[in-house]
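Input: a single structure, listed below in structure tokens.
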Amino acid sequence: MKYVDQTLVHKRMNSRVLKNNILKQVFLIATLFGLAVLAILIFRVVTQGIAWIDWNFLTGKLSTFPEKAGIMGAILGTSYLMLIVIPVTLIIGVGTAIYMELYAKKGKLQSFIATNISNLAGVPSIVYGLLGLTIFVRVMDFGNVVLAGGLTLSLLVLPIVIVAAQEAIRAVPGHLSEASYGMGATKWQTVKKIILPAALPGIITGAILAVSRAIGETAPLTVLGIPAFLLPFPEGIFDTFTALPMQIYYWTLDASLVDEYAYLAAATIIVLLVLLFILNAIAVIIRNKFQQRY
Amino acid sequence: MTTNSGSEKKSAVNVREMIAEKKRKRNFSALTEKIIPILLLIIASISILTTVGIIYTLLSEAFEFFKRIPIWEFISGTVLKPLSQEPEFGLLPLLNGTIISSVIAMLVAGPIGIMSAVYLSEYASEKVRKTLKPLLEILAGIPTIVYGFFAFTFVTPVIRAVFPAVEATNILSPGLVMGVMIIPMIASLSEDAMTSVPNSMREGALALGATKLETTFKVVIPAALSGIISSFVLGISRAIGETMIVTIASGSSKNFTFDITQSMQTMTAYIVEVSGGEAPAGSTIYYSLYAVALTLFVFTLIMNLLARYVSRKFREEY
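Chains A and B are the protein sequences, given in the same order. All residue numbers for the first sequence refer to this note's numbering, where the first residue is 20 and numbers rise by one. All residue numbers for the second sequence refer to this note's numbering, where the first residue is 20 and numbers rise by one.
As structure tokens, then:
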């Protein structure tokens, strides 16, 4: 007596294998769909904008005539923003990570801070904009200047730096710090001279990723009330400013009136994407170069 | 003899000095050891201060708003006319816009994200995976303003070429583009969940004669379900909080409608529109910003907590 009907199995086997093979292709197409959109997006932006990028565009001031407009003000504004974001996030981010990984006692306070950080990472960026508007622009009365924008963006990307720094510190092997203690070094000496230098590549990679997130952020800046049309270049952190994403935003809005503004927006997007690409390439190089040194 | 004892005396003095100096140094270093943890704790508490700051500003300003507009009128109001002579502040048009755009986004990102995750984790060879995954992650790194530009200047015209009834600003196009933006997030998190399913379970299914497809759907996905669901919830949270794409491509119509070919405003886009100028501090419309932001904050917070709860509570341990 046979429990398994071989003919039935053979009959069904083909359709099961066929289904598997078909769906495999469907899954592949789904994966490629995202990449196809990415390709269209980049192709579209480059074909629209590349002709508008010239020396005058990169170094010129804004203008009411699209063909004369330049984005130097936005480039400077973005650079000044990063001058604030980089040191602020590095100091607070690395400090928090050191505390969480090396000093905090495992307990309620530590897990409270950890939960808090992961919740902050999920807060929409526009809410950070309102926080910046209320605290930095209104209460501290900075006005809509580089400092207010920079601090707002710093708070926004802080969780990224903290988590990256925590992971980098955790990855430093324990025998290194044990050797340091064995030589009679104190805790802070060990942190300063052994753990931090060893964790540095990871920290820098995280910081670069955070900075590239901050460079592209638009929503918090729109809330701060950045002027749409600003001729003078910012000269310090207490000046009003515009930034690359803000410029893209305003030009995209104007594109419904005059087509040329869409091309200006596309040209600015190319500049922004090139900048992000360079930053990410640096992060990848650092990660690969220093990976698994121990 | 005399010279010898002299030098001894001298060296004895030196040793004493050295000891004193060593003590001073040790005191200093002991002080640093005490101060550093306190300093670090202060730095670490900045992240808590940020949360407190967000909650305090939202609550206090929203409270001011609810003094003028009763909270029930805000939540159940279907008319939003902040700038008219007799302003009305109903949340429902914004809530509706937010939910509809998020649903459209998830209809794109959910299936495509999970299919990408299945392909990357179950079907792709190691080499293919290592090329495709970073490429997919580029999508996640593109600033949202660029997606907004893309939705407004490319996707909307394409949709309108096929369906002329669609308006120049509509909720459909930003919803679709937002979906593309969220694909890598869902794909990456779901793939992590699927990869962490132990191989022995796959081998068991394959040894019983299951095809790869059956293994995936009957063994791997059920085992990784908590991670997959939490990636969906995080995706929804991301869609709710997304600002620039909807601000640019969906316009600022505050109509309470379910017609996706029309312009709708989301909560985030309302905040951008109102804070972008015409709201003098102290006016009701200014305080309405905070009431809307508070709603937004509560929604995303619930989603994020839910995602963490799901992935912890229902995780299958192997």
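All C-beta atoms in this analysis are idealised placements derived from N, C-alpha and C, irrespective of residue type, glycine included. Since the model is a prediction, treat every value here as computed from it, not as a measurement.
**Message:** Per the DSSP calculation, PHE108 (chain B) is bridged to which residue(s)?
**Reply:** Walking along the second sequence from the start, residue 108 (chain B) turns up at place 89. DSSP lists B:LEU99 as partners of PHE108 (chain B).
**Message:** Could you compute how far the alpha carbon of SER275 (chain A) sits from the alpha carbon of VAL56 (chain A)?
**Reply:** Here residue 275 (chain A) corresponds to residue number 256 of the first sequence, with the count starting at 1. Here residue 56 (chain A) corresponds to residue number 37 of the first sequence, with the count starting at 1. The alpha-carbon atoms of SER275 (chain A) and VAL56 (chain A) are separated by roughly 23 angstroms.
**Message:** So, with DSSP's three-state summary, where would you put THR259 (chain A)?
**Reply:** Your numbering for residue 259 (chain A) matches position 240 in the first sequence. The three-state secondary structure of THR259 (chain A), taken from DSSP, is strand.
**Message:** Which runs of the alpha helix (DSSP H) at least 4 residues long sit entirely within the region 145 to 190 of chain A? Give them in chain order.
**Reply:** 165 to 189
**Asked** GLY25 (chain B) to TRP207 (chain A), Cα distance in whole Å?
**Response** Indexing the second sequence from 1 puts residue 25 (chain B) at position 6. Indexing the first sequence from 1 puts residue 207 (chain A) at position 188. With a pLDDT of 48 at GLY25 (chain B), under the threshold of 50, the predicted position of this residue should be treated as unreliable, and no value is reported.
**Asked** How many angstroms separate the CA atom of ASN75 (chain A) from the CA atom of MET91 (chain A)?
**Response** Taking the first residue of the first sequence as position 1, residue 75 (chain A) is located at position 56. Taking the first residue of the first sequence as position 1, residue 91 (chain A) is located at position 72. Distance between the alpha carbons of ASN75 (chain A) and MET91 (chain A): 9 angstroms.
**Asked** Under 8 angstroms Cβ-Cβ, which residues of chain B neighbour PRO143 (chain A)?
**Response** By 1-based counting over the first sequence, the position of residue 143 (chain A) is 124. In chain order: ILE259, GLY260, GLU261, THR262, THR287, LEU315, PHE316 and THR319.
**Request:** Examine chain B for any beta-carbon lying closer than 9 angstroms to the beta-carbon of VAL182 (chain A), and answer yes or no.
**Result:** For the purposes of this step, residue 182 (chain A) is taken as residue 163 along the first sequence, with counting starting at 1. Chain B, which has no Cβ nearer than 9 angstroms to the Cβ of VAL182 (chain A), makes this no.
**Message:** So, for GLY116 (chain B): in the same chain, excluding its five sequence neighbours on each side, which residues have a beta-carbon less than 6 angstroms away from its beta-carbon?
**Reply:** For the purposes of this step, residue 116 (chain B) is taken as the residue at position 97 of the second sequence. Taken in chain order, the residues that qualify are MET283, GLN284 and THR285.
**Item:** For ASP278 (chain B), the three-state DSSP class (helix, strand or coil)
**Value:** Counting from 1 along the second sequence, the entry for residue 278 (chain B) is found at position 259. In this structure, ASP278 (chain B) counts as coil in the three-state DSSP scheme.
**Item:** Inter-residue CB distance, LEU308 (chain B) and LEU149 (chain A) (contact presumed, cutoff 8 angstroms)
**Value:** Sequence index remark: in the second sequence, residue 308 (chain B) carries index 289 (1-based). Sequence index remark: in the first sequence, residue 149 (chain A) carries index 130 (1-based). The Cβ separation is near 7 angstroms, so the contact holds.
**Asked** Quick one: does ALA123 (chain A) have its CB under 9 angstroms from some CB of chain B?
**Response** Position 104 of the first sequence, counted from the first residue, corresponds to residue 123 (chain A). With 9 angstroms as the cut-off, ALA123 (chain A) counts as an interface residue toward chain B.
**C-alpha distance - LEU10 (chain A) paired with SER66 (chain B), whole-angstrom precision** = Because residue 10 (chain A) is not part of the residues shown, which for chain A are 20 to 313, the question remains open.
**Asked** Name the chain A residues whose beta carbon is nearer than 8 angstroms to that of ALA63 (chain B)?
**Response** Taking the first residue of the second sequence as position 1, residue 63 (chain B) is located at position 44. Residues of chain A passing the Cβ test: GLY114, THR115, TYR118, MET119, ALA123 and ILE132.
**Message:** Using a Cβ-Cβ cutoff of less than 6 angstroms, which residues in the same chain neighbour THR22 (chain B) once the five nearest sequence positions on both sides are dropped?
**Reply:** Numbered from 1 along the second sequence, position 3 holds the residue referred to as residue 22 (chain B). Here the model assigns THR22 (chain B) a pLDDT of 48, short of 50, so the residue's position is not dependable and the matter cannot be decided.
**Request:** Check each candidate in B:VAL293, B:THR280 and B:ILE259 and name the one with the smallest Cα separation from VAL122 (chain B).
**Result:** The residue you call residue 122 (chain B) lines up with position 103 of the second sequence. Of the candidates B:VAL293, B:THR280 and B:ILE259, the one whose C-alpha sits nearest the C-alpha of VAL122 (chain B) is B:ILE259.
**Item:** Reduced DSSP secondary structure (H/G/I, E/B, other) of ASN307 (chain A)
**Value:** Taking the first sequence and counting its residues from 1, one reaches residue 307 (chain A) at position 288. It is helical.
**Request:** Note down, in chain order, every chain B residue with its Cβ under 8 angstroms from the Cβ of VAL36 (chain A).
**Result:** For the purposes of this step, residue 36 (chain A) is taken as the residue at position 17 of the first sequence. Those are THR230, listed as they occur along chain B.
**Request:** Could you name each continuous beta strand (DSSP E) segment of 3 residues or more that falls completely within the region 35 to 94 of chain A, going from the start of the chain to the end?
**Result:** As far as the region 35 to 94 of chain A is concerned, it has no whole beta strand (DSSP E) run of at least 3 residues.
**Message:** Just to confirm, is the Cβ distance from PRO101 (chain B) to GLU107 (chain B) under 9 angstroms?
**Reply:** Looking up residue 101 (chain B) in the second sequence gives position 82. Looking up residue 107 (chain B) in the second sequence gives position 88. Result yes, Cβ atoms of PRO101 (chain B) and GLU107 (chain B) sit closer than 9 angstroms.
**Request:** Could you check which residue in A:ALA187, A:ALA183 and A:LYS212 has the C-alpha nearest to that of SER196 (chain A)?
**Result:** Position 177 of the first sequence, counted from the first residue, corresponds to residue 196 (chain A). The closest CA to that of SER196 (chain A), considering only A:ALA187, A:ALA183 and A:LYS212, is found on A:LYS212.
**Asked** Between which two residues does the alpha helix (DSSP H) harbouring LEU191 (chain B) extend?
**Response** Along the second sequence, one-based indexing puts residue 191 (chain B) at 172. Counting along the chain, the alpha helix (DSSP H) containing LEU191 (chain B) begins and ends at 191 to 214.
**Prompt:** Is ALA124 (chain B) closer than 9 angstroms to ILE201 (chain B) when the C-beta atoms are compared?
**Reply:** Start at 1 with the first residue of the second sequence, and residue 201 (chain B) comes out as number 182. Start at 1 with the first residue of the second sequence, and residue 124 (chain B) comes out as number 105. Against a cut-off of 9 angstroms, the Cβ pair of ALA124 (chain B) and ILE201 (chain B) comes out as a contact.
**Prompt:** What residues in the region 216 to 233 of chain A bring their beta carbon closer than 9 angstroms to a beta carbon of chain B?
**Reply:** LEU228, SER231 and ARG232
**Prompt:** I think GLY53 (chain A) touches LEU155 (chain B), with their Cβ atoms under 8 angstroms apart; what is that distance to the nearest whole Å?
**Reply:** Locating residue 53 (chain A) in the first sequence gives position 34, where the first residue counts as 1. Locating residue 155 (chain B) in the second sequence gives position 136, where the first residue counts as 1. Rounded, the Cβ-Cβ distance is 6 angstroms, consistent with contact.
**Request:** Take SER256 (chain B) as the anchor and find which of B:THR319, B:VAL311, B:TYR166 and B:GLY167 has the nearest alpha-carbon.
**Result:** Within the second sequence, numbered from 1, the residue matching residue 256 (chain B) stands at position 237. That would be B:THR319, whose Cα lies nearest to the Cα of SER256 (chain B).
**Request:** Can you give me, in chain order, the residues of the region 278 to 308 of chain A that have a beta carbon less than 8 angstroms from any beta carbon in chain B?
**Result:** ALA281, ALA284, ALA285, ILE288, LEU291, LEU292, LEU295 and ASN299
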